[in-house]
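Colleague:
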Amino acid sequence: MPTITYDDLEAALHWVSAAAPFENAAYISKATGKVFYSSSDRDIDDELPDDVEDAALYWTVPHKNDLDLGSRLAYRFADERLPEHRREVHEIFRHRGAYGKFKALLERVRLLDAWFKFERAETESALRGWADDEGMLVELCRPNAGA
Numbered sequence: 002m003p004t005i006t007y008d009d010l011e012a013a014l015h016w017v018s019a020a021a022p023f024e025n026a027a028y029i030s031k032a033t034g035k036v037f038y039s040s041s042d043r044d045i046d047d048e049l050p051d052d053v054e055d056a057a058l059y060w061t062v063p064h065k066n067d068l069d070l071g072s073r074l075a076y077r078f079a080d081e082r083l084p085e086h087r088r089e090v091h092e093i094f095r096h097r098g099a100y101g102k103f104k105a106l107l108e109r110v111r112l113l114d115a116w117f118k119f120e121r122a123e124t125e126s127a128l129r130g131w132a133d134d135e136g137m138l139v140e141l142c143r144p145n146a147g148a
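Residue numbers for the sequence shown, in this note's numbering: 2 to 148.
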């Protein structure tokens, strides 16, 4: 079984999560580790293999919501780091543009950098956990940017 880099796995998660669930998809070949991208509303250059939906041959990368990395992650952060704003955070996520408003709140209370660090760590933990559950081999360490 091939090894996939964490950066490739994270890029696939971001692709899938950049749209509503089921609009974008990413598949990883269990034989080669190559990532294939598809979209229901965009024409992309990737030639998808005919058997890409065969779970015995490809992993289907989950959407961030499937890993509890959407609004639930923001709620967890709010519960841990700004419980006095918990009600406000829940209200923010009832409307469009929630992440922009959430980040504005975090900037106002000087927790935006802490949010980004928390989000990165939780994303990596959830994604590596999913990969491990699937039997996928992921590089142990993230390569240093620019190295």
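We treat Cβ as the ideally placed atom computed from N, Cα and C, and that holds for glycine.
Mark Ala122 as exposed unless 16 or more other C-beta atoms lie within 10 angstroms of its C-beta, in which case mark it buried.
Modeller: Counting Cβ neighbours within 10 Å, Ala122 comes out exposed, since fewer than 16 surround it.
Colleague: Tell me which residues share the same chain as Trp131 and place their Cβ nearer than 7 angstroms to its Cβ, disregarding the 5 neighbours each side in the sequence.
Modeller: Here the set comprises Pro63 and Leu68.
Colleague: Can you tell me which of the three DSSP states Leu83 falls into?
Modeller: DSSP places Leu83 in coil when its eight states are reduced to three.
Colleague: Within 10 angstroms of the Cβ of Met2, are there 16 or more other Cβ atoms? Answer buried if so, exposed if not.
Modeller: Exposed, since its Cβ has fewer than 16 Cβ neighbours within 10 Å.
Colleague: Assuming Trp60 and Tyr28 make a contact with CB atoms under 8 angstroms, what is their CB distance in whole Å?
Modeller: Their Cβ separation, rounded to whole angstroms, is 7 angstroms, which keeps Trp60 and Tyr28 in contact under 8 angstroms.
Colleague: Alpha carbon to alpha carbon, what distance is there between Pro50 and Leu138?
Modeller: Near 22 angstroms, if we compare the C-alpha coordinates of Pro50 and Leu138.
Colleague: Quick one: grab the DSSP three-state call for Ala132.
Modeller: Ala132 falls in the helix class under three-state DSSP.
Colleague: Going straight from the alpha carbon of Lys35 to that of Gly71, what length do you get?
Modeller: Between Lys35 and Gly71, the C-alpha separation is close to 26 angstroms.
Colleague: Below 8 angstroms between beta carbons: does that hold for Phe78 and Phe119?
Modeller: In contact: Phe78 and Phe119 (Cβ atoms closer than 8 angstroms).
Colleague: Residue range of the alpha helix (DSSP H) that Ser18 falls in?
Modeller: Run containing Ser18: Tyr7 to Ser18, per the alpha helix (DSSP H) assignment.
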